[in-house]
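Chemist: Residue numbers (numbering that gives the first Met the number 0), protein chains in the order written: chain Y, 0 to 313; chain S, 0 to 360; chain B, 0 to 504.
Before I ask anything, let me first share the structure, which is written out below as structure tokens.
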Amino acid sequence: MNYIVTILTLAISSCVALLLASLGEMFNQRAGVFNLGCEGIMSMGAFLGMLVPYAVGRGGATPEICNVAGLLLATGVGALLGLFFGLIVVTFRAPQGIAGIGLQMFGVGTAGTLFRHFIGGTQSVPGISTPPIPLLSKIPFLGPIFFSQNIMVYLAFLFVPLAWYLLFKTPWGLKIRAVGTNPRAADSIGIPVNKIRYQSLALGGALAGLAGAYLSLCQAKMFSDSIVSGRGFIAVALVYFGHWQPVKIMWGALLFSLAQTFQTIIQSQGINFPYEFAVMLPYVLVIVVLAFDRESQRLGPTALGQPFDREIRT
Amino acid sequence: MTKQFRILYKVCIILLAVIAAMALGAVILVAIGADVFKTYAVILFEPLKNIGLLSEVFIRMIPLTIIALGIAVAYRSGIINIGAEGQMAIGILTTTAVALAMPNLPKPLLLPLVLIAGAAGGALWGAIPGILKAKLQVSELLSTVMLNYIAEQFYTFCLRKPMLDPAEMMNGSGTPQSMRLTKNIWLTRFVPGTRLHTGLFIAIAFAVLIYFMLWKTSFGYKMRASGSSARAARYGGINVPAFLIIAMLISGAFAGLAGAVEICGVHHRAIQGITSGYGFSGIVVALFGGLHPAGIIPAAFFFGLLLVGGNMTQNAVGVPANMVQVLQGVIILVIVATQMVLSNEYLMERVWRRFHKEEKA
Amino acid sequence: MDEKITSLRMEHITKRFPGVLASDDISLSVGDGEVLALVGENGAGKTTLMNILMGLYQQDEGKIFINGNEVKFHSPNDAFAHGLGMVHQQYMLVQNMTVLENIALGYQKAWKPFKLDLSMVRERITAISERYGLAVDPDAFIWQLSIGEQQRVELVKTLCLGARFLILDEPTSALTPQETDELILLLKKMTSELSIIFISHKLQEVTSLSDKITILRHGKVTFSGNTKDHTQKEIAALMTGHEVVMPQNTETSCDKQEALVIKDLDVKSDRGYLALQHLNLTIHSGEIVGLAGVSGNGQRELAEAINGLRKIESGTITFLGKEITGKSCREVIDAGMGYIPEDRNTEGIVPPFSMKENFILKDSSEKEFNKGIFLDNKKIVDYAEALRTEFDIRSPNINVAAGALSGGNIQKVILARELTRSPKFLLAVYPIRGLDLGAAQFIHEQLLKKRREGLGILLISEELDEILNMSDRVAVIFKGQIQKVLPRAEATRSKLGILMAGVKE
């Protein structure tokens with residue numbers, strides 16, 4: 000019984016980075032752009048998230064404001080990187096797949112360079128932790144799982160209905176959906192296709208940056224080259240898996256997070272099973288899911304991956 | 000519009016691109032307070048200063064060339080192979096496995112066998128995303144990346160358990176590596192005092208081979224048609240899905256072969272970190288070389304330079320080696336952005352008209 | 000700005016695209032309640048001109064005046080603000096959204112900061128529907144609607160967004176003759192409140208609906224006048240620039256062997272429903288069978304099924320006595336099938352490849368083009384030069400990228416390739432769509448020549464003129480079935496129109 004509680008608690012808290020990055024990528028893809036550089040933005044976010052707290056406290060205690068500053072810095076720079084990606088794929092109309100890889104290399108490399116220069120080694124930060132909710136957290140079984148999490152977890156899950164509302168109930172969401180499905184129609188009715196794409200890339204980048212900051216501030220409480228280890232790519236795959244819908248994406252994030260937790264449990268319990276195979280699990284799962292979910296290809300935003308040029312005469 | 004203008008326009012765009020790339024890199028360098036010009040100088044010129052360093056550049060050029068050739072074949076056939084890292088790792092495993100199994104076979108037999116084994120391992124790993132795309136329309140961008148992570152784990156496992164050097168087990172240090180492989184697979188080092196090995200000739204030979212295959216045979220014609228316009232190729236009776244799989248087999252085989260060549264020429268055993276980013280660097284080399292063997296060879300040399308020089312910046316100017324990855328990313332971004340600008344006829348016309356206002360049509 | 004638009008003038012509009020002068024000093028004017036027909040062949044510059052009027056493109060020179068005031072449009076929003084609305088030839092609707100959402104996309108009054116006021120949009124739709132007699136279901140998804148219904152949604156959308164001046168681009172291209180008549184009546188009624196410009200190359204509509212005509216050719220105005228002052232024949236001549244004689248099939252057909260026999264064919268569309276249902280059709284060698292029908296009734300699926308590009312659920316196709324049902328595209332090509340596909344740019348040629356490389360698209364492995372394992376460049380070049388000369392393909396040389404050629408020349412490349420391979424049958428889908436007259440004449444002449452030499456041809460087209468000119472027999476397709484096959488003598492425009500609408504005699 001204890002096992003299950005531990006696994007679920009861990010799964011929920013380690014799902015946040017995937018969830019945030021994936022919801023951000025959902026906005027990108029709904030507008031017709033897929034950003035493989037998500038991984039790179041998350042790396043930068045991870046580094047920047049811990050930079051302020053570390054710089055102030057050098058590994059020791061820091062006031063809450065530093066953590067918030069770290070989060071904001073990560074989010075802001077993430078948005079900027081998203082806009083930068085927009086410059087390449089929206090204005091310059093470069094092929095999105097390769098450009099994404101370029102952004103990933105740039106992001107990971109920059110984060111590593113800056114980290115080694117300013118911090119170096121394996122420095123840790125106290126990070127964000129919040130006391131468990133009184134009373135509710137004492138409920139057996141449900142208490143530890145749902146009510147003893149870090150505040151970022153609650154905020155992340157709250158974002159799911161918010162994202163849903165944003166996408167389906169506001170004019171901006173309507174425009175995003177139109178731009179990703181039939182940009183020519185949106186353009187003919189006066190909607191600035193490229194501007195909307197930039198906006199969604201900014202939001203996607205901001206969320207990816209925030210997700211990265213979560214990894215360093217809340218989850219690992221440190222930074223290393225391999226802190227993101229593919230979560231950015233999994234986030235992109237999750238959008239397909241979740242059929243570009245916030246709630247389905249949330250379930251997908253939980254599922255993959257569960258798979259990743261598996262490995263931690265095995266190692267910590269000292270079970271004699273080659274841990275590499277457990278680490279492999281989420282990545283294998285992505286491939287299995289992509290291979291067998293034929294539906295998702297039909298449901299996607301029709302204009303995904305295609306740059307828009309009004310002057311191209313058909 | 001005159002031909003001179005076209006050439007001038009394109010040269011200007013490329014120059015602007017190079018400056019943009021260096022400027023972007025400079026932004027990061029300034030952020031860490033490094034001397035921009037000195038850093039670039041170290042990266043680009045230091046390795047050329049003596050035979051030893053120059054040979055290291057060539058050593059890196061070898062796997063870069065082979066991998067980039069494979070990626071170019073795949074790209075031209077319509078599939079983007081980001082999985083070269085994983086394919087190289089699996090290739091190394093198969094190479095090592097064969098070398099460990101048959102150490103006493105004479106060199107003329109064992110060496111080719113081992114190289115083929117490496118290629119086969121990579122081909123197998125490359126076939127997976129190829130089949131997934133051809134049969135199930137799974138995007139190769141995601142599947143190859145995932146397979147990289149999976150291969151990485153499998154590689155570590157093999158080095159830690161089944162292929163672990165017995166000597167390591169006895170000593171108790173347990174560094175994941177295989178034991179030293181038989182001399183029968185060693186590629187000759189032909190420049191005394193350096194590690195430069197005959198794999199260089201293998202790389203160049205394959206470059207020539209690929210050129211002939213892609214542009215001078217009907218097989219290559221069909222691959223290129225599948226990549227340029229899959230729909231028209233299909234309507235022309237070309238079996239596009241089959242060519243997708245073949246392209247990934249070739250691309251994976253090349254990555255695996257690169258791994259085998261690294262083992263036989265440089266390391267002589269399987270250890271951690273051999274692939275060390277060659278898979279991704281290979282992509283940049285392929286793009287930078289215009290996806291053509293004639294361009295890939297010099298591009299590989301340039302990136303070998305970058306890798307060796309990049310390793311020296313920490314000591315020389317205090318710039319961490321990660322900077323190389325930054326530059327690679329920047330170069331990719333700039334290349335893909337410029338490609339579209341270069342092929343935008345409309346923009347060229349507008350610029351022409353701006354500079355020739357008197358000539359109203 | 001709710002005042003009526005009593006006058007709209009475009010003066011001396013010029014617009015350039017790479018290598019093409021799309022609009023050359025064009026002027027036109029429309030008065031209160033008038034209907035102007037903008038006429039011309041494909042490529043004459045009609046759509047470009049209207050896109051300029053709607054703010055999608057900016058003119059390089061010239062001015063636009065509405066009600067006497069000069070206006071400058073930098074985006075469609077500016078045009079909408081001035082009361083202009085356009086229904087494009089390709090409907091600008093987002094398929095997986097509802098009618099309501101599609102209209103809300105443009106209805107800026109309903110955009111509150113954090114909420115989309117859909118009920119406001121709904122009210123507006125109801126009001127417009129009632130006023131103009133255009134009923135639409137706001138909650139239907141676009142992909143659920145027929146082409147005619149989608150057009151109605153486009154009209155309602157334009158009116159909801161406040162249009163007091165309508166621009167219609169080829170409004171009847173996807174309608175049956177009867178639906179066309181209905182639309183024309185509707186538009187005539189609307190002229191009491193709006194003025195209209197409509198683009199068409201169909202003579203019937205032009206003469207029955209318009210008050211004025213402006214004819215464009217190669218981006219220039221070649222004629223401008225009142226409709227009632229000229230006869231249909233005069234207008235036809237003015238439209239094409241000269242007395243046009245398109246090649247006509249005047250031969251009598253004689254019994255030849257059956258080339259292609261299609262029995263009870265069931266084929267699914269991309270959406271999953273049956274696009275072809277128990278389709279039966281037989282074409283003989285030495286005859287041209289024209290397949291008439293409104294686009295979207297299964298023509299694409301039929302062409303693809305015959306060529307092995309689409310799965311056949313049930314039924315058989317027999318080609319020269321041998322069954323080709325279920326065979327791969329390569330096998331069908333090797334059996335002797337020639338194919339001029341619908342979309343020349345994406346299905347007929349590989350655009351980045353040179354013209355010379357495109358000629359051997361289907362034959363790259365053939366012995367005649369190979370020396371050992373290598374391609375025989377000399378033979379390929381000779382072949383290409385011969386084809387270029389014989390088919391009069393205009394290009395600087397054979398190494399030019401095929402995609403850079405004009406539409407007519409691209410079609411000639413495809414035709415040259417297909418005909419020179421000595422096919423035993425030819426399937427031609429919309430072969431002269433979008434081509435200028437010279438190229439169209441050439442292609443029809445070639446087809447007739449091959450027919451005389453004994454080649455069987457299945458000609459699929461939307462243009463009744465083309466079908467009536469070229470066919471020995473005419474088959475009409477409707478919702479995936481052949482309604483009837485008529486010999487040329489009996490095939491009249493009205494009979495075909497009724498059959499195309501699905502009415503069985």
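Backbone N, C-alpha and C fix where the C-beta goes; we use that ideal spot for every residue, glycine too.
(1) Nearest chain Y C-beta to S/Y39 closer than 7 Å, yes or no?
(2) Three or more C-beta pairs closer than 8 Å, one from the region 337-345 of chain B and one from the region 405-425 of chain B: is that the case here?
(3) If contact is defined by three or more beta carbon pairs under 8 Å, each pair taking one atom from either stretch, is the region 150-159 of chain B in contact with the region 92-109 of chain B?
(4) Which residue marks the beginning of the alpha helix (DSSP H) containing Y/G204, and which one marks its end?
(5) At a cut of 8 Å, does the region 198-206 of chain Y reach the region 23-43 of chain Y through at least three beta carbon pairs?
(6) B/V260 and B/T226 look like a contact to me (Cβ under 8 Å); what is the Cβ gap, rounded to whole Å?
(7) Secondary structure at B/D464, three-state DSSP: helix, strand or coil?
(8) As an exercise, report each continuous alpha helix (DSSP H) stretch of at least 4 residues that is fully enclosed by the region 138-170 of chain S, in chain order.
(9) Can you tell me where the beta strand (DSSP E) with B/I25 in it begins and where it stops?
(10) Exposed or buried, Y/A10, counting other C-beta atoms within 10 Å across all chains shown (16 or more means buried)?
(11) Can you check which of these residues, B/P75, B/K494, B/R420 and B/Q107, is closest to B/F368 by C-alpha distance?
(12) Could you check the C-alpha separation between B/R8 and B/S22 for me, to the nearest Å?
(13) Taking a cut of 7 Å between CB atoms, which residues from the region 105-128 of chain B lie near chain Y?
(14) Between the region 292-304 of chain B and chain S, which residues of the former have a C-beta closer than 7 Å to a C-beta of the latter?
(15) Helix, strand or coil: which one does DSSP assign to B/G314?
(16) Hey, B/F197 and B/A36: beta-carbon distance below 7 Å or not?
(17) With DSSP collapsed to three states, give me the class of B/T206.
(18) State the start and end residues of the unbroken beta strand (DSSP E) segment that holds B/Q480.
(19) Could you tell me the alpha carbon to alpha carbon distance between Y/L206 and Y/T74, rounded to whole angstroms?
(20) Could you spell out the range, first to last residue, of the beta strand (DSSP E) harbouring B/T221?
(21) Tell me which residues share the same chain as Y/T90 and place their Cβ nearer than 8 Å to its Cβ, disregarding the 5 neighbours each side in the sequence.
(22) Given a cut-off of 7 Å on the beta-carbon distance, is the pair Y/G172 and Y/F105 in contact?
(23) What residues match up with B/Y338 in a beta bridge as DSSP calls it?
(24) Looking only at its own chain, which residues have a Cβ that is under 8 Å from the Cβ of Y/L280, when we skip the five neighbours before and after it?
(25) Assign S/K359 to one of three DSSP states: helix, strand, or coil.
(26) Report yes or no: is there a C-beta of chain B within less than 7 Å of the C-beta of Y/I286?
(27) If the criterion is Cβ atoms closer than 7 Å, does the pair B/S223 and B/G32 meet it?
(28) Take B/I481 and list the residues in its own chain whose beta-carbon comes closer than 8 Å to its own, dropping the five residues that flank it on each side.
(29) My guess is that B/A291 and B/M499 are in contact by the Cβ rule of under 8 Å, so how many angstroms apart are they, rounded?
(30) Taking the Cβ atom as the reference point for each residue, do S/G117 and S/L256 lie within a distance shorter than 7 Å?
(31) I believe B/Q57 touches B/H81 by the beta-carbon criterion, under 8 Å. Please report the beta-carbon distance rounded to the nearest angstrom.
(32) Could you name the residues that DSSP lists as bridge partners for Y/F117?
(33) If we define contact as Cβ-Cβ less than 7 Å, is S/Q152 a contact residue for chain Y?
(34) Please identify the residue among S/V307, S/F354, S/I244 and S/A150 whose C-alpha is closest to the C-alpha of S/G129.
(35) Counting only beta-carbon atoms, is Y/E240 nearer than 7 Å to chain S?
(36) Terminal residues of the continuous alpha helix (DSSP H) containing S/L108?
Modeler: Per the coordinate set shown:
(1) Translated into positions along the second sequence, residue 39 of chain S becomes position 40. No, S/Y39 does not count as interfacial toward chain Y.
(2) In short, these stretches touch, since the Cβ pair count reaches three.
(3) Yes, the region 92-109 of chain B touches the region 150-159 of chain B.
(4) Along the first sequence, one-based indexing puts residue 204 of chain Y at 205. Y/G204 -> alpha helix (DSSP H) spans V192 to Y213.
(5) Counting Cβ pairs under 8 Å, three or more are found: they touch.
(6) Looking up residue 260 of chain B in the third sequence gives position 261. Looking up residue 226 of chain B in the third sequence gives position 227. Not really, about 48 Å apart at Cβ, beyond 8 Å.
(7) Residue numbering aside, residue 464 of chain B sits at position 465 when the third sequence is read from its first letter. Correct three-state label for B/D464: helix.
(8) Taking only runs of at least 4 residues, the alpha helix (DSSP H) segments lying wholly in the region 138-170 of chain S are 139-159 and 165-170.
(9) One-based indexing of the third sequence puts residue 25 of chain B at position 26. For B/I25, the uninterrupted beta strand (DSSP E) run begins and ends at V19 to V29, by DSSP.
(10) Walking along the first sequence from the start, residue 10 of chain Y turns up at place 11. Classification of Y/A10: buried, given that the 10 Å Cβ count is 16 or more.
(11) In the third sequence, the residue the question calls residue 368 of chain B occupies position 369. Of the listed residues, the one whose Cα sits closest to B/F368 is B/R420.
(12) Stepping through the third sequence from its first residue, residue 8 of chain B is reached at position 9. Stepping through the third sequence from its first residue, residue 22 of chain B is reached at position 23. Straight-line spacing of the CA atoms in B/R8 and B/S22 works out to 15 Å.
(13) Contacts with chain Y (Cβ-Cβ distance below 7 Å) from the region 105-128 of chain B involve G105, W110, F113, K114 and L115, listed in chain order.
(14) Look at the region 292-304 of chain B: it has no residue with a C-beta under 7 Å from a C-beta of chain S.
(15) The residue you call residue 314 of chain B lines up with position 315 of the third sequence. Note: B/G314 maps to strand in three-state DSSP.
(16) Locating residue 197 of chain B in the third sequence gives position 198, where the first residue counts as 1. Locating residue 36 of chain B in the third sequence gives position 37, where the first residue counts as 1. A distance below 7 Å separates the beta carbons of B/F197 and B/A36.
(17) Looking up residue 206 of chain B in the third sequence gives position 207. If DSSP states are grouped into helix, strand and coil, B/T206 belongs with the helices.
(18) By one-based count along the third sequence, residue 480 of chain B stands at place 481. Q480 to P486 is the span of the beta strand (DSSP E), which, as asked, contains B/Q480.
(19) Walking along the first sequence from the start, residue 206 of chain Y turns up at place 207. Walking along the first sequence from the start, residue 74 of chain Y turns up at place 75. Y/L206 and Y/T74 have their C-alpha atoms roughly 6 Å apart.
(20) By one-based count along the third sequence, residue 221 of chain B stands at place 222. Start and end: K219 to N225.
(21) As a first step, residue 90 of chain Y is located in the first sequence; it is residue number 91 there, counting from the start. For Y/T90, the CB contacts under 8 Å within the same chain, skipping 5 residues up- and downstream, are N193 in chain order.
(22) The sequence position of residue 172 of chain Y within the first sequence is 173, counting from 1. The sequence position of residue 105 of chain Y within the first sequence is 106, counting from 1. Taking 7 Å as the Cβ cut-off, Y/G172 and Y/F105 do not qualify as a contacting pair.
(23) As a first step, residue 338 of chain B is located in the third sequence; it is residue number 339 there, counting from the start. DSSP lists B/L426 as partners of B/Y338.
(24) Counting from one through the first sequence, the residue named residue 280 of chain Y turns up at place 281. Its chain contains A258, Q259, F261 and Q262 as the residues whose beta carbon lies nearer than 8 Å to that of Y/L280, once the 5 sequence neighbours on both sides are disregarded; these appear in chain order.
(25) Along the second sequence, one-based indexing puts residue 359 of chain S at 360. Bear in mind that the predicted position of S/K359 carries a pLDDT of just 49, short of 50, making it too unreliable to give a figure here.
(26) Here residue 286 of chain Y is taken as the residue at index 287 of the first sequence, counted from 1. Not an interface residue.
(27) Reading the third sequence from its first residue, position 224 is the one you call residue 223 of chain B. Reading the third sequence from its first residue, position 33 is the one you call residue 32 of chain B. Their beta carbons are not under 7 Å apart, which means B/S223 does not touch B/G32 by this criterion.
(28) Position 482 of the third sequence, counting from 1, holds the residue named residue 481 of chain B. Excluding residues within five positions, the ones whose Cβ falls inside 8 Å are L278, N279, L280, A474 and V475.
(29) By one-based count along the third sequence, residue 291 of chain B stands at place 292. By one-based count along the third sequence, residue 499 of chain B stands at place 500. Their Cβ separation, rounded to whole angstroms, is 6 Å, which keeps B/A291 and B/M499 in contact under 8 Å.
(30) Here residue 117 of chain S refers to the residue found at position 118 of the second sequence. Here residue 256 of chain S refers to the residue found at position 257 of the second sequence. Contact flag set, yes.
(31) Taking the third sequence and counting its residues from 1, one reaches residue 57 of chain B at position 58. Taking the third sequence and counting its residues from 1, one reaches residue 81 of chain B at position 82. B/Q57 to B/H81, Cβ: 15 Å. No contact.
(32) To locate residue 117 of chain Y, count along the first sequence from 1; it is residue 118. DSSP lists no partner for Y/F117.
(33) One-based indexing of the second sequence puts residue 152 of chain S at position 153. Closer than 7 Å to the CB of S/Q152 there is at least one CB belonging to chain Y.
(34) Position 130 of the second sequence, counted from the first residue, corresponds to residue 129 of chain S. If you compare the alpha carbons of S/V307, S/F354, S/I244 and S/A150 with that of S/G129, the shortest gap goes to S/I244.
(35) By 1-based counting over the first sequence, the position of residue 240 of chain Y is 241. The sequence shown places Phe at residue 240 of chain Y, not Glu. Among the CB atoms of chain S, none fall inside 7 Å of the CB of Y/F240.
(36) On the second sequence, residue 108 of chain S is found 109 positions in, with the first residue counted as 1. Secondary structure note for S/L108: its alpha helix (DSSP H) is the uninterrupted segment K106 to L135.
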